[in-house]
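J.: Below is the structure I would like to discuss, written out as structure tokens.
Chains as they are written, first to last, in the UniProt record's numbering: chain A, 1 to 438; chain B, 1 to 92.
Listed below in structure tokens is the structure:
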């Protein structure tokens, strides 16, 4: 009976780790490719295919896989398979939720949050090395976007000045090439950095279950499956997130796109080189913001950026809560049943989130549609568009048809105010409150 | 100490040099390769729009400018190749 329990737990941990790997894939496609898709340097499907291939290659290149998880963040002795499973579920749940809302978020921090939460539930506060969490997770989360904004705005400003007199078609074509090169490098770097995480978890699980000796290297099937699932996730593409990054933050041209991705690539690689680990998502988002800040005349949607920053701040606590809850469920029910229930909860939550996403789907056909003012995430835009059209329709019915050209222009400033009360279907969603306040 | 100032500073400086410097170098190459630009009136036959809304006429790039552009692009390509090699070598 013991063996069956152990094997089942091991299998579930491996499957869940691969699922996390998959969500990591689609969450981070945008980091590399959103700018190239938005400026049409690459067609949407081509971009995600390229990114998938490079992520796969990168995953095979990552040699320094360690069978540690959350090193320096939690006491290594408290890490059991049950803790790992609960932590993974916490990370996956936060990844899915932020994907639904089209908010870029750090998968690494979600995983760390989940594990910290489940360790807290397992042994309490003494299992967590809080100074490590502060120094290696919280502070870098604050610094990464700042550094990226700085680097990208400096680069964009320089590019803008130097290409001031260059004909637009020439610079657009040239920088498209630059975009492809820099975006490819970011995808490659992501593959090496992030596939390791799931490989490390699976290796840890295998060692803990006695399936491989303690000093074993990573079995080939582990490398292959982690590489494959990350690539698959990348190819399916977090279109909602790509849309937010490419269209929601800043309207970018090819020059900004290239500057942003080069900044991301440089900061990510330098952080790896000097051993000061930074989240790829935080850096990539900061770079895109910086390319808006550095380009004279570009508009940055700080509302969207602010919402992202809020989500980043919530990552650790939110994933932690889910991780803790899952550990609690597993421990409360106990044994095989507990583990199976936790896994079932994960499946149910994932299905629910996926179904919710189909209400307002974002895919490669509408990823580049214009971003509607007032929308703060990819999922709520159609509400804003419908509200606008409804209000405009009412005004045009009432207005003098011969004064029609004037009407839309004068109606425009008043639409947000009139649209919000009559057109809002739900009592008051955050977006409608925001629109009413505009 | 909560912040490893030493490695942090290195990341910032190296990030700036490479992350801002490479796009700037690329832009310089584009500028050189495009040739000398002369502002002209809107509506001039061979006038073309620049990214910030002006109209210019470009003269074909002279030899030195072409060489300069090639050097700029070569450095950028080498840097990206270096980045790939760095990643392939394990990224440390």
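Yeah, the Cβ is synthetic: ideal placement off N, Cα and C, and Gly gets one too.
#1: Please classify residue 49(B): does DSSP put it in a helix, a strand, or coil?
#2: For residue 302(A), is the classification buried or exposed, using 16 other Cβ atoms within 10 angstroms of its Cβ as the cut-off for buried?
#3: Quick one: which chain B residues come within Cβ less than 8 Å of residue 258(A)?
#4: Where does residue 37(B) sit, in a helix, a strand or coil, going by DSSP?
#5: List, in chain order, every chain A residue whose beta-carbon is nearer than 7 Å to that of residue 83(B).
#6: From residue 87(B) to residue 51(A), what distance separates their C-alpha atoms?
#7: Taking the alpha helix (DSSP H) that residue 285(A) falls in, what are its first and last residues?
#8: Can you tell me where the beta strand (DSSP E) holding residue 365(A) begins and where it ends?
#9: Can you tell me whether DSSP reads residue 167(A) as helix, strand or coil?
#10: Just the Cα atoms here: how many angstroms apart are residue 312(A) and residue 108(A)?
#11: Helix, strand or coil, according to DSSP, for residue 57(B) in the structure here?
#12: With distance defined between alpha-carbon atoms, name the residue in 8(A), 133(A), 269(A), 191(A) nearest to residue 59(A).
#13: At 4 residues or longer, and completely inside the segment 95-150 of chain A: list those alpha helix (DSSP H) runs for me, N to C.
#14: So, at 6 Å on beta carbons, what are the nonlocal neighbours of residue 156(A) in its own chain, with the 5 sequence-adjacent residues on each side left out?
#15: Should residue 61(A) be flagged as near chain B, meaning a C-beta pair shorter than 9 Å?
#16: Nearest to residue 135(A) by CA position, among 71(A), 164(A), 123(A), is which residue?
#17: If residue 34(B) and residue 170(A) are in contact, beta carbons under 8 Å, what's the gap, nearest whole angstrom?
#18: How about residue 7(B): is its C-beta nearer than 9 Å to some C-beta of chain A?
#19: What residues from chain A crowd round residue 75(B), counting only those whose CB sits closer than 9 Å?
#20: Measuring only the C-alpha atoms, how far is residue 77(B) from residue 306(A)?
#21: Name the chain B residues that come within less than 9 Å of residue 151(A), Cβ to Cβ?
#22: Residue 55(A) and residue 280(A) - do their beta-carbons sit closer together than 9 Å?
#23: Would you call the segment 20-39 of chain A in contact with the segment 224-244 of chain A, where contact means no fewer than 3 C-beta pairs closer than 8 Å?
#24: With residue 336(A) and residue 89(A) assumed to form a contact (beta carbons below 8 Å), what rounded beta-carbon distance in angstroms separates them?
#25: Tell me which residues share the same chain as residue 363(A) and place their Cβ nearer than 6 Å to its Cβ, disregarding the 5 neighbours each side in the sequence.
#26: Quick one: using the 10 Å Cβ neighbour count with 16 as the cut-off for buried, is residue 189(A) buried or exposed?
#27: Could you check whether the Cβ of residue 86(B) sits closer than 9 Å to any Cβ belonging to chain A?
#28: What residue range does the alpha helix (DSSP H) around residue 78(B) cover?
#29: Which residues of chain D have a Cβ atom closer than 8 Å to the Cβ of residue 59(B), listed in chain order?
#30: How would you call residue 175(A), buried or exposed, if buried means at least 16 neighbouring beta carbons within 10 angstroms?
#31: Could you tell me how far apart the beta carbons of residue 166(A) and residue 30(B) are, in whole angstroms, since I believe they sit closer than 8 Å?
#32: According to a CB-to-CB cut-off of less than 7 Å, which residues of the segment 34-47 of chain B neighbour chain A?
#33: In the DSSP output, which residue or residues are listed as bridge partners for residue 250(A)?
#34: Give me the Cα-Cα distance between residue 329(A) and residue 338(A), rounded to the nearest whole angstrom.
#35: Ordered along the chain, which non-local residues of its own chain (more than five positions away) have a Cβ less than 6 Å from that of residue 212(A)?
#36: Does the beta carbon of residue 45(B) fall short of 8 Å from some heavy atom of the ligand ADP?
T.: Taking the geometry as given:
#1: Correct three-state label for residue 49(B): strand.
#2: Per the 10 Å Cβ criterion, exposed.
#3: At a beta-carbon threshold of 8 Å, the residues of chain B lying near residue 258(A) are 23, 26, ordered along the chain.
#4: The three-state secondary structure of residue 37(B), taken from DSSP, is strand.
#5: Result: 185, 265, 269.
#6: Put simply, the backbone Cα of residue 87(B) is about 15 Å away from that of residue 51(A).
#7: Per DSSP, the continuous alpha helix (DSSP H) segment holding residue 285(A) begins and ends at 280-294.
#8: Segment: none, residue 365(A) is in no beta strand (DSSP E) and carries neither H nor E.
#9: If DSSP states are grouped into helix, strand and coil, residue 167(A) belongs with the strands.
#10: Each residue's CA atom was taken as its position, placing residue 312(A) and residue 108(A) some 11 Å apart.
#11: Strand at residue 57(B).
#12: The candidate whose alpha carbon is nearest that of residue 59(A) is 191(A).
#13: For the segment 95-150 of chain A, whole alpha helix (DSSP H) runs of length 4 or above, ordered along the chain, are 107-123, 130-133.
#14: Excluding positions up to five away in sequence, the list reads 256, 259, 291, 294, 295.
#15: Taking Cβ atoms only, chain B reaches closer than 9 Å to residue 61(A), which makes this a yes.
#16: Among 71(A), 164(A), 123(A), the Cα nearest to that of residue 135(A) belongs to 71(A).
#17: Contact flag correct, Cβ pair sits at about 5 Å.
#18: Chain A contact via Cβ: present.
#19: Result: empty, since nearest Cβ-Cβ is about 13 Å, beyond 9 Å.
#20: When the Cα atoms are used, residue 77(B) and residue 306(A) turn out to be separated by approximately 36 Å.
#21: Those within 9 Å of residue 151(A) in chain B are 12, 15, 16, 18, 19, 20.
#22: No, the pair does not count as a contact, with Cβ atoms beyond the cut-off.
#23: Flag = yes, the segment 20-39 of chain A and the segment 224-244 of chain A touch.
#24: About 16 Å separates the beta carbons of residue 336(A) and residue 89(A), which is beyond the 8 Å limit, so they are not a contact pair.
#25: Counting only Cβ-Cβ distances below 6 Å, and skipping sequence neighbours, we find 239.
#26: Within 10 angstroms of the beta-carbon of residue 189(A) lie 16 or more other beta-carbons, which makes it buried.
#27: Yes - at least one Cβ of chain A is within 9 Å of the one on residue 86(B).
#28: 63-88 is the extent of the alpha helix (DSSP H) around residue 78(B).
#29: Looking at the structure shown, chain D is missing, and the protein chains on hand are A and B.
#30: Per the 10 Å Cβ criterion, buried.
#31: At roughly 6 Å, the Cβ-Cβ gap stays under 8 Å, so residue 166(A) and residue 30(B) are in contact.
#32: Within the segment 34-47 of chain B, 34, 37 place their CB atoms closer than 7 Å to a CB of chain A, listed in sequence order.
#33: By DSSP's assignment, residue 250(A) forms a beta bridge with 300(A).
#34: CA-CA distance, residue 329(A) to residue 338(A), rounds to 6 Å.
#35: 206, listed in sequence order.
#36: Here there are no bound small molecules, and the ligand ADP is not part of this structure.
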